[in-house]
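Under the UniProt record's numbering, the first residue of the sequence shown carries the number 1, and numbering increases by one thereafter.
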Amino acid sequence: MWKSTFVRCALPALLQRSSSVTACQALRARGRLGSPAVSPPCFLTSMQLRGQQTLVSASLAMARHGVRQARALHKERLVEVEWEDGGQSLYPFTWLRDNCQCPLCTLQSAEARSLLLSDLDIHTGVETVQITDSNKVSIVWPDQHTSVFDAEWLRKRCFSSAARQAMQEELFINERYYWDSKLRIPTADFHEVLHDDKAALAWLLALRRVGIVYLKGAPTTRGQVARLSERIGYLRLTFYGHTWQVQDKPMANNVAYTSGKLSLHTDYPALHFPPGVQFLHCINQADEGGESEVVDGFHMAEQLQKEDPGAFGTLTSLRVDFKDTGTDYCDFMVQSKNRIIDVDSEGRVCRINFNNATRDSVLDVPVEQVQPFYRALKAYVDIMNRPENVVTYRMEPGDLVTFDNWRLLHGRRSYVSSPDRLRHLEGAYLDWDEVMSRLRVLRKSVHGEM
Ligand SMILES: [Zn+2]
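(1) For L117, verify whether its CB is less than 7 Å away from any heavy atom of ligand 1.
(2) With burial defined as no fewer than 16 other Cβ atoms inside 10 Å of the residue's Cβ, what is the status of R97: buried or exposed?
(3) Within 10 Å of its beta-carbon, does K261 have 16 or more other beta-carbons around it, so buried, or fewer, so exposed?
(4) Examine ligand 1 and report whether any of its heavy atoms sits within less than 7 Å of the Cβ of S138.
(5) On the DSSP bridge assignment, give the partners of C282 in chain order.
(6) Considering Cα atoms alone, identify which of L304, I122, P419 and P397 is closest to A376.
(7) Given 7 Å as the limit, tell me if L194 has its C-beta closer than that to any heavy atom belonging to ligand 1.
(8) Taking 8 Å as the cut-off, does the stretch 271–290 touch the stretch 384–404 (at least 3 CB pairs, one atom from each stretch)?
(9) So what does DSSP say about F312, is it helix, strand or coil?
(10) Using the C-alpha atoms, what's the distance from Y374 back to D321?
(11) Taking T221 as the reference, give the member of L425, L439 and S445 with the closest Cα.
(12) Roughly how many angstroms separate the alpha carbons of W153 and R227, rounded to a whole number?
(13) Are at least three pairs of beta-carbons, each pair with one atom in the stretch 82–89 and one in the stretch 167–177, less than 8 Å apart?
(14) For a quick check, are the C-beta atoms of H410 and H265 less than 8 Å apart?
(15) Is any heavy atom in ligand 1 found nearer than 7 Å to the beta carbon of L104?
(16) Check whether the stretch 298–314 and the stretch 433–442 are in contact - that is, three or more C-beta pairs closer than 8 Å.
(17) With distances taken between CB atoms, is the gap from Q278 to Y429 smaller than 8 Å?
(18) Within the same chain, show all residues whose beta-carbon is closer than 7 Å to that of S437, passing over the 5 residues directly before and after it, in chain order.
(19) With a threshold of 7 Å, establish whether the CB of H447 neighbours any heavy atom of ligand 1.
(20) Out of S263, S345, Q371 and R155, which has the shortest C-alpha to C-alpha gap to R412?
(21) Among V255, L104 and V81, which has the Cα closest to the Cα of residue 454?
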């Protein structure tokens, strides 16, 4: 039920009714997503849709939730709400008092709590609980303060495991579609994303769930990644500048600024908080070579966990030193310690940190752990280099790729540098907090109040 609310509100209409296999076919049919530059014929067939059962089996009905009955359970210090559709929810007295929505307790212009914790009685009782004529739950507290709660508002904040899970999914969109070489990269029109809210929402949802979206039709001049960043909010400044130029440069301060092959990597693991999202805009492509490669680092980590749990354990526990030194925006000496595969408190992979070029020669482990570390790293890299896992595409001038730098590893084939046709990409970073903020704002404007 809760999942269905999210599905209805968060995905474009055609996508809602689709399984993962047809999701982006549906988007393409709407003209939001076009064909990718280089791609095999079928889309998403090997993708895994996390929580597919919930998404697919969920009823799409979003009934307004009426309250049938509400009463105080004084001994347990809970208010019990019985819903017209039969379910019930429990709300602790303290939580209800803390979240009173009245103008004294909430600064409504900021949707922020003005009630001070020092004024909150965390042992409060309840005097009366009633249902109002407009089907709201009204509570009078022992000091005669009155709180009125909207039924929908309460329902979304139900403390059951399923409701909490649905609310977290609505807020953070953590379900991902895993993929391999058969992925056809979701593609949209650059100008449509800039000017149409529905197109922008579809772009960001696909960026979140698939991890990569291709935009076509950008002008072949510098400044386009900055323009796209302004569609979100603002870009992330790093030591490589607000935006950066990927070109073959003499005395390169980064291996990216050469014409050599770049093995699969994430950008900037030398920072403890690496950029979440990367934009790369092709202004000029080489005559020969320079194709791009990407893999789904989360999916590869899952494969590693299945094939070699010991290696997975090593890469999720050992903190590896990274360093990046040079001069660009200004001079810098960056050092970090990151796990190559980061997992959250529930054991789900949440960030990949790996760039072989900036992995430090300093390795902070006891000597007997050095060889097992190399074995584990090699096992992970071997999986990601398998042809069945790598998606290859060639950017042409005007193409702009946007991807999840916490999830994807990307690389580049070597190219022939010629003075009359210089390969030139312009890049920019953003962070997921800003991207998710824009996604929520767009979802609200496209689908209404969430
Ligand atoms: Zn109040």
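We put the CB at the ideal spot given by N, CA and C, even for glycine.
Concretely, from the data shown:
(1) no
(2) buried
(3) It is exposed - the Cβ of K261 has fewer than 16 other Cβ atoms within 10 Å.
(4) S138 Cβ: outside cutoff for every heavy atom of ligand 1.
(5) L425
(6) Minimum Cα distance to A376 is reached at L304.
(7) Placement of the Cβ of L194 at a distance of 7 Å or more from every heavy atom of ligand 1 is found.
(8) yes
(9) DSSP, reduced to helix, strand and coil, places F312 within a helical segment of the structure shown.
(10) The straight-line gap from Cα to Cα measures roughly 14 Å.
(11) L425
(12) Between W153 and R227, the C-alpha separation is close to 37 Å.
(13) no
(14) yes
(15) Yes, the Cβ of L104 comes within 7 Å of a heavy atom of ligand 1.
(16) no
(17) yes
(18) Closer than 7 Å at the Cβ level, and outside the excluded window around S437, lie G233.
(19) no
(20) S263
(21) The shown model of the chain, from 1 to 450, leaves out residue 454, and the question about it has no answer.
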